[in-house]
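Protein chains in written order, with our numbering: chain W, 3 to 406; chain C, 4 to 274; chain X, 3 to 304. Beta carbons: idealized from backbone N, C-alpha and C, even for Gly. All values derive from a computational prediction rather than experimental measurement.
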Amino acid sequence: MKKVLFMLFAVLSVLVLVGCKDEGVTELQMLWWSDGTEGDVMQTLLDDYLEETGITIELVPIAYNDYEARLATMISGEEAPALARVTEGHLNNFKTQILPLDDVYDTSGFTNLFYNADGDVISLPMDITANGLFVNLDLLDANGVNYPELGDPVWTWAEFETEMLKLKDKAGVTAPGLFDHQGHRFMPLLYQNGVKIWSTPYSASNLKSTAAVEVVQMMMDFYEEGFLPLDTYVTKNSASLFRTGQYGFHISGNWNVSGYQDLTFDWAVVPMPKMANRATILGGKSLAAFDGSGAEKEAKDFIAWMSEGAQHDAYTGGVPYLTPRLGATVNYGNFADQYAVFLDEIANTNEMYVQDWLNQVMIPGMYPLINQFVQDIADPNNTKTALQLLTDLETALKAAAPTS
Amino acid sequence: MKKMTVANYIIAGILVFIFLMPVIYIISSSFKPINELFSSTPTFFPIQWTLANYGAALSRGDFAQYIFNSFLVAISSTFIAVIINTMSGYALAKFRFKFDNVIMLVILSTIMLPLEVIMVPIFSVLKFFGLYNSLWALIIPPAATPTGIFLMRQYLLTIPDEIIQSARIDGASEGRIFFSIILPNAKPAIATLAIFSFMWRWNDYVWPLIAISSPRKYTLQLAIANFTGEFGTDYSSILAMSAISMIPMLIVFIIFQRQFVQGTVESGMKG
Amino acid sequence: MGKKVQTYRSYILKQKIVPYLFLGPNLLIFSIFIILPALIGIYYSFTDMTLFTFSVSDAHFIGLDNYRALLQDQDFIAALWNTIKLVVVTVPIMFTTSLLVAVLLVQPLKAKGFFRAVYYWPVMISAVVVGIIWQWILAGNFGLFNTIVKSLGLDPIETLINPRFAWWSVVFAVVWSRTGYYMIVFVAALLSIPESLYEAAEMDGANKLQKFRHITYPSLRAARLMVFILVTMEIFKIYPLVVTLTGGGPFDSTQFTVQYIYEMAFKKYQVGLASSMSVVMLLIVTIFTALNFFLSKRGENK
């Protein structure tokens with residue numbers, strides 16, 4: 003009896019140890035999330051890499067909601083992945099744990115680079131993103147909603163609201179449209195009303211200006227009137243709601259272009275509304291290699307390989323995405339029309355707003371602050387005025403801002 | 004007298020409905036095709052039975068891995084739990100020693116320090132001992148349960164001292180006594196402890212949440228909770244996964260129902 | 003194995019050491035994984051530790067700053083208060099339902115085993131899946147809940163999008179999934195009440211209600227106390243069920259203490275602050291539990 007028990011225990015121990023085996027350096031991990039087809043495209047490239055070099059890079063998908071927390075605990079728990087897809091926010095938060103890449107690839111061939119405190123490049127930019135407006139053409143056409151196309155005069159938010167209100171309470175419509183719950187999707191509206199967040203980073207801001215209050219009030223009214231649904235804050239996944247075909251528009255970003263390929267209804271990207279001017283927020287995802295993963299050299303080798311034109315363009319063209327690689331031309335194929343609109347949005351964004359957002363991103367913990375801010379705007383039980391919310395946000399941002 | 008009994012049966016029946024219907028509904032929903040899942044006129048049972056959701060769930064790469072991890076953790080931890088908690092229960096039941104009341108109190112007080120209160124320092128401790136992202140973190144620490152200790156102690160109190168004494172007089176070592184006398188005579192309590200331990204580890208969520216970062220090491224509950232976050236309104240795979248996760252407990256429950264009831268009574272009525 | 007000649011001394015020595023050896027593994031695990039973290043947590047609560055403070059020496063001692071900060075943290079106070087409300091509401095409900103179902107189960111009924119099994123089954127379902135089950139039933143205009151509502155001729159009710167509904171659905175889901183457990187505790191206690199007491203009451207002409215009030219209820223003292231304390235502790239640390247049922251609810255309306263602390267540490271990286279919040283939570287749970295204990299004891303001496 004004893005013998006049986008001990009043997010069973012031994013077998014179990016072996017199984018557990020096997021399950022916890024450390025990867026040797028012919029196997030790396032790359033943390034990843036996908037909004038659309040990014041994961042599939044990257045996987046093809048990883049398969050190519052395996053053929054060429056015999057090194058396996060395992061794509062480890064994590065839901066975006068948990069992504070940063072997962073990365074943080076892995077790094078803190080000394081289980082850092084060799085590579086990870088990262089946003090500027092991640093790069094900023096983890097910059098002391100990311101390897102410098104100046105000697106790994108030719109950084110002069112790329113825009114949207116991210117630097118650490120010593121001025122070293124710590125990212126390989128993979129794509130550029132911009133916010134934009136998706137519409138459900140079937141719903142719009144069925145309800146006589148007018149919308150501008152690329153090249154037409156761009157509508158104001160007031161005109162946008164008037165048109166989209168034609169959808170309210172119609173059959174098959176849950177709400178006129180959706181606005182992603184992330185603060186990042188709301189901030190361009192400030193720029194669209196001529197509000198630069200920081201007049202002097204990080205001591206003087208324009209968040210309490212009348213123009214800013216006007217924008218926040220507009221947003222609060224949208225939720226109160228049922229123009230935008232509260233479901234967004236329950237599911238925290240507007241894309242999955244837009245897919246149901248029950249919403250006329252979705253304010254999101256170009257990462258959904260490839261994601262929406264399989265939608266069963268007719269859709270398009272149209273110019274975002276403006277108030278004082280047009281504006282969008284640029285962002286971008288990169289690859290970063292982490293210190294302490296045990297596979298630093300192999301990670302850098304991969305980044306060098308990935309930075310080469312053939313591979314990099316295969317990625318941006320495959321998804322497709324706007325490319326940060328200078329001199330590359332991406333063939334958007336079936337998505338040419340949609341991307342034309344995004345490129346137009348970017349072209350019409352004043353450089354000062356781009357710079358302002360770069361300053362904003364450098365504030366640690368900025369995203370949870372603006373997320374809470376936008377959630378409070380939508381919250382039906384919120385009792386604060388638009389000005390109060392903006393004042394609180396300003397205070398919080400100043401407190402969190404880097405002091406150097 | 005008769006009227007009372009009929010009323011009782013009616014109430015009992017309503018309760019059966021309340022407790023059973025939601026479970027049956029989720030299982031039946033797991034067999035519905037996607038168009039039925041999102042239909043505006045849902046029915047209780049599927050109009051068209053399909054295994055598509057199960058196919059999707061099982062083919063989702065690592066699903067088999069999650070089930071394996073959960074089994075591994077549950078069985079290993081139960082094994083360890085039975086041994087160490089019986090040992091402790093025995094010590095508290097059959098020995099008088101200097102700090103026995105103090106230790107009893109210490110063990111009792113650890114109930115006041117559930118994992119949820121010490122999540123962050125647990126993370127630090129796991130890190131320090133190299134247990135972060137290891138399934139061992141789900142197997143060893145949770146195996147020491149005060150409830151288990153008291154369960155075993157209650158039962159072992161009923162083993163007559165004479166048997167133990169005479170074994171000692173015959174020169175048997177303490178270890179021998181434990182394995183040859185205590186363990187075999189504690190079978191009913193051990194069965195109860197084993198079943199509860201298996202259930203607790205199978206259903207654990209917070210331990211894996213804190214300790215595990217690699218998706219390949221997820222246990223089933225952690226995986227299901229993660230997918231809920233990611234897919235929001237995409238229920239098809241989640242329903243199938245949830246249904247599958249209930250199966251082992253269902254089997255264990257049907258076979259060992261009496262032990263569960265017994266165990267609840269004994270752990271609830273300690274001291 | 004030959005007989006060992008034991009001296010009396012070695013026998014006594016063994017008696018002293020052996021129990022510690024048997025308790026060893028458990029005590030070791032408790033020390034390392036419960037007591038040590040508790041002490042570390044208390045230490046963290048006085049520092050500005052973050053998830054990225056890679057060596058403990060990087061964390062600075064900041065005294066009571068965290069405790070001052072948490073008193074200012076509206077969201078923490080809200081989460082704590084929300085949890086207290088949940089406890090105050092759910093404990094009596096859980097107590098009542100499990101007691102009543104237990105009373106039902108000790109009546110003369112056929113197929114008692116079946117009923118008991120069915121009522122106990124939800125206890126076996128993991129909290130994660132319980133949350134999923136009820137989200138699936140309650141969510142949206144086309145969930146089972148609203149389908150039934152509509153079939154009764156009413157308009158669909160706003161369910162999980164409505165903060166109040168979401169909050170009460172948490173209460174409901176918890177009571178649904180845990181009543182079976184406490185029911186069994188009561189059943190055992192009920193069965194241990196001597197028949198003779200009831201027979202004597204019968205002869206005095208007592209009706210059902212009087213029997214319950216004067217015999218049954220008082221005899222359940224130990225069970226009642228146990229149930230109150232266990233349910234209190236359990237509701238205070240509620241977490242996985244809420245995660246899958248509402249995710250913290252529409253606009254944090256179902257955000258409770260454990261979720262808040264978890265996110266403070268692992269999503270906002272504020273380890274020191276989260277630790278101080280854990281300490282506060284622990285103090286409050288202890289106070290509530292002690293209150294329960296003493297109130298119940300006092301009730302005895304009436």
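Note: histidine 252 (chain W) is bridge-paired with W:Phe136, W:Leu180 in the DSSP secondary-structure output. By the CB criterion at 9 Å, alanine 338 (chain W) and glutamine 248 (chain W) fall outside the cutoff. Of all residues in the stretch 56-85 of chain C, only Ile83 place a beta-carbon less than 9 Å from a beta-carbon of chain X. Bridge pairing for lysine 276 (chain W): W:Thr158 [DSSP]. For alanine 94 (chain C), the neighbours in chain X by C-beta distance under 7 Å run, in chain order, Pro21, Phe24, Leu25. Contact between leucine 115 (chain W) and proline 102 (chain W) does not hold, since their C-beta atoms are separated by about 11 Å, which reaches or exceeds 8 Å.
The beta carbons of lysine 238 (chain W) and asparagine 133 (chain W) sit no closer together than 9 Å.
For methionine 283 (chain X), the secondary structure class from DSSP, reduced to helix, strand or coil, is helix. Counting of Cβ neighbours within 10 angstroms places lysine 112 (chain X) among the exposed residues, the total staying below 16.
Contacts between phenylalanine 256 (chain C) and chain X, judged by CB atoms closer than 9 Å, involve Ala119, Tyr122, Trp123, Met126 in chain order. Three or more Cβ pairs closer than 8 Å define a contact, and the stretch 214-222 of chain W falls short of that threshold against the stretch 141-150 of chain W. Counting along the chain, the unbroken beta strand (DSSP E) around glycine 286 (chain W) starts and ends at 284-291. Taking the CA atoms as reference points, leucine 242 (chain C) sits about 45 Å from alanine 330 (chain W). Comparing alpha carbon positions, the residue from W:Ser260, W:Ala82, W:Pro231 closest to aspartate 293 (chain W) is W:Ala82.
If you look at valine 62 (chain W), you'll find it in the beta strand (DSSP E) that goes 58-63. Going by C-alpha positions, aspartate 103 (chain C) is about 21 Å away from alanine 146 (chain C). With a beta-carbon spacing of about 6 Å, arginine 118 (chain X) and leucine 107 (chain X) fall inside the 8 Å limit used to define contacts. A contact between stretches requires three or more CB pairs, one per stretch, nearer than 8 Å, and the stretch 152-164 of chain X fails this requirement with the stretch 226-245 of chain X.
Closer than 9 Å to the CB of proline 163 (chain C) there is not a single CB belonging to chain X. Taking 8 Å as the Cβ-Cβ cut-off, the stretch 202-217 of chain C approaches chain W at Ser216, Ser217, given in chain order. Within chain W, the C-beta atoms nearer than 8 Å to that of lysine 130 (chain C) come from Ser78, Gly79, Glu80, in chain order.
Just measuring C-alpha positions, the residue of X:Leu146, X:Phe188, X:Tyr69 sitting nearest serine 280 (chain X) is X:Tyr69. At least one C-beta of chain X is nearer than 9 Å to the C-beta of tyrosine 235 (chain W). The secondary-structure analysis by DSSP pairs alanine 270 (chain W) across a beta bridge with W:Val137.
Considering only C:Gly266, C:Val268, C:Val255, the residue with the shortest C-alpha distance to isoleucine 127 (chain X) is C:Val255. Beta-bridge partners assigned by DSSP to tryptophan 34 (chain W): W:Pro63. DSSP places valine 88 (chain W) in the uninterrupted beta strand (DSSP E) bounded by 85-88. In the three-state reduction of the DSSP assignment, serine 201 (chain W) falls in the strand class, which pools E and B. Where arginine 215 (chain X) is concerned, there is no enclosing alpha helix (DSSP H), because DSSP gives it neither an H nor an E. Taken through DSSP and simplified to helix, strand or coil, serine 33 (chain C) comes out as helix.
DSSP places threonine 49 (chain X) in the strand class (E or B) of the three-state scheme. In this chain, the alpha helix (DSSP H) harbouring alanine 96 (chain C) covers 66-97. Contact of leucine 242 (chain C) with chain X by beta-carbon distance below 9 Å involves Ile134, Trp138. Beta-bridge pairing by DSSP links threonine 131 (chain W) to W:Gly285. Using a 10 angstroms sphere on the CB of asparagine 383 (chain W), the tally of other CB atoms stays under 16, which defines it as exposed. Note that the C-beta distance between isoleucine 42 (chain X) and proline 124 (chain C) is below 9 Å.
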